[in-house]
Amino acid sequence: MSLHARRSFEDEMKRSIYEYVERRGAVTRGELARTIHVETGQPASKPARSRTYTEKRPIEPDELRAAVSELKADGHLLEFDGKLRVALSTTPAERELEGGDGTVTIRPAREEDRAGLIETMSDVGDDGTYIVAENVVEQLERAPALVRANDERSRVFFVAVRREDEGGAGDESAEVAGERDEGGEVVGWLHLDGPELPSLRHTAEVTVGVRPDHRREGIGSSLLEYGLEWAEESRYRKLYQSLPATNERAIEFLEDNGWEREGKREGHYCIDDSLVDEVLLATWTDGE
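Using our numbering, you'd call the opening residue of the sequence shown number -12 and step up by one each time.
Structure, rendered in C-alpha cells:
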C-alpha cells in the first residue's frame, strides 16, 4: 500500500528530516536547521568501547534546501503556511457543502485543527457511548502529531470545517489570518488508524462523528465518503469500527451508509454500571 512505501530512504539526511517532521507534525525550516545534524564520517574523539561513533555537524543551508525540495518532489512532505508536514499518499480534492448560513469544507486535518478536533470529539463522546473515540481523544492530548506514518502505524484525520457565509464573523477571521480555513469551526471528523503488521496492513479502524447541532446536514455521510475514497486509493481493503450496542444512532448511521454487522462481544463495556455488548461493523473497499 502506498502509505507504507514512503518510509524507505537511502539518504540518511532525508530520512532524518522526514522522521523529525513525522514526529512533530508541523515544522519550520528554521527548526530543522537548528535540529538536524549529519555525520561527518570522522570518528568522534572518544568513542565508547562497545561502539564506534562519528562526529556530527549542523546541516548546511544548501543541503537542507536540496533535501527538502527532493522530499517534497517525491511526495513525502508538503509545505503549508510556512511549515513542513507529512504528505498523504493520495488526497481527494477538498469538498464543500452548502447549508444554512455557512459552508462546510471537508479536507485533511492540519496540526492547527488539533484544539477544535479534540473539542468536537470530546463533545460527541460526552454521553459515554463512543468509547473508541474517547480513547482517540486521550491519545491526541498526549501525541505530538496528528498524522503518523512510520514503521508502527499510519494514522490520518479528515475534518469538516464550518465557516459562515460571506460577511459573517468566520470570513472576517479568515481574511485577517490570510488562510481560507482559519477562523472556521471543526464540526466533524473522520479518523483512520492502520497497523503496520503485514498481515493487517489492508485494514484500518475508523471513528467518525459530527457535533450534535450540525447533524442531519449531510456532513457525516460526506466525511465517510471522503475517507472511504482516500482509503481505497491508499489500498486499504477493509475498514472497521466497534460501538456499544447502546449507541443505536451511530450503528443505524453506518448501516444506512452500507456498513454491515460482523458480530458482537457480549458484555464488553461497562457503562453506568451496566454491561453493554460491543457491536462490530465493517465495510470493504475496492482497494488492492
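Where is the CB? At the ideal position from N, CA and C, for every residue including glycine. Treat the numbers as computed from the prediction; the structure is a model and nothing was measured.
Classify residue i as buried or exposed, calling it buried when 16 or more other Cβ atoms lie within 10 Å of its own Cβ.
i	result
Leu184	exposed
Gln126	exposed
Leu104	buried
Leu64	buried
Gly165	The predicted position of Gly165 is uncertain, since its pLDDT is 31 and thus under 50; a value taken from the coordinates is nonetheless stated next. It counts as exposed.
Glu9	buried
Ser131	The sequence given here has Pro at residue 131, not Ser. Per the 10 Å Cβ criterion, exposed.
Ala102	exposed
Asp273	exposed
Glu128	exposed
Asp61	exposed
Ser279	Because the chain in this structure spans residues -12 to 275, residue 279 falls outside the shown range and cannot be described.
Arg24	For clarity, residue 24 is His in the given sequence; the question names Arg instead. It is exposed - the Cβ of His24 has fewer than 16 other Cβ atoms within 10 Å.
Glu151	buried
Ile118	buried
Pro45	exposed
Leu19	buried
Thr280	This structure gives no information on residue 280, because the portion of the chain shown stretches from -12 to 275.
Pro231	buried
Ser221	buried
Ala(-8)	With a pLDDT of only 46 at Ala(-8), under 50, the local geometry of the prediction cannot be trusted, and the value read off the model is given with reservation. By the neighbour-count rule (16 or more Cβ atoms within 10 Å), Ala(-8) is not buried but exposed.
Ala80	exposed
Glu159	With a pLDDT of 43 at Glu159, under the threshold of 50, the modelled position of this residue cannot be trusted; read the value that follows with caution. Classification for Glu159: exposed.
Arg252	exposed
For residue i, list the residues DSSP reports as bridge partners.
i	result
Glu54	Here the sequence assigns Ala to residue 54, which means Glu is not the residue at that position. None, per the DSSP bridge assignment.
Asp180	Arg142 and Glu192
Arg44	Val25
Trp271	Lys225
Ala130	Answer is none; Ala130 lacks a bridge partner.
Gly250	Leu267
Lys70	Phe67
Pro185	Paired residues: none, contrary to the question.
Leu75	Note: Leu75 sits in no beta bridge, so no partner.
Gly171	According to DSSP, which records beta bridges pairwise, Gly171 is partnered with nothing at all.
Ser261	Ile258
Ala136	Ser141
Arg279	Outside the modelled stretch of the chain, which goes from -12 to 275, sits residue 279, for which no answer is possible.
Ala147	Ile93 and Gly175
From which residue to which residue does the alpha helix (DSSP H) around residue i run?
i	result
Arg21	Arg16 to Thr22
Leu241	Glu235 to Asp243
Ser3	Glu(-1) to Arg11
Ala218	Ile206 to Glu220
Go to residue i, then tell me how far its beta strand (DSSP E) extends in each direction, as first and last residue.
i	result
Leu65	Leu64 to Phe67
Glu85	Arg82 to Gly86
For a cutoff of 8 angstroms on Cβ pairs, would you count residue i as touching chain C?
i	result
Gly245	In the structure shown, chain C does not exist; there is a single protein chain.
Pair every Cβ in the stretch 15 to 23 with every Cβ in the stretch 57 to 75, then say whether three or more of these pairs are closer than 8 angstroms. Between the stretch 15 to 23 and the stretch 57 to 75, the count of C-beta pairs closer than 8 angstroms reaches three or more; the two stretches touch.
Using 8 angstroms as the cut-off, can you tell me whether the stretch 196 to 203 makes contact with the stretch 243 to 253, which would need three or more C-beta pairs spanning the two stretches below that distance? Not touching, per the Cβ criterion.
Which residue spans inside the stretch 89 to 124 form an unbroken beta strand (DSSP E) run of at least 3? Listed in chain order, they are 89 to 95.
Across the stretch 202 to 219 and the stretch 131 to 150, are there enough close Cβ pairs to call them in contact, namely three or more that are closer than 8 angstroms? Under the Cβ criterion (8 angstroms, minimum of three pairs), the stretch 202 to 219 counts as touching the stretch 131 to 150.
State whether the stretch 49 to 57 contacts the stretch -5 to 11, with contact taken as three or more CB pairs (one from each stretch) at a distance under 8 angstroms. The stretch 49 to 57 is in contact with the stretch -5 to 11.
Should the stretch 234 to 241 be called in touch with the stretch 212 to 225, which here means at least 3 C-beta pairs below 8 angstroms? Under the 8 angstroms Cβ criterion, the stretch 234 to 241 does not count as touching the stretch 212 to 225, having fewer than three qualifying pairs.
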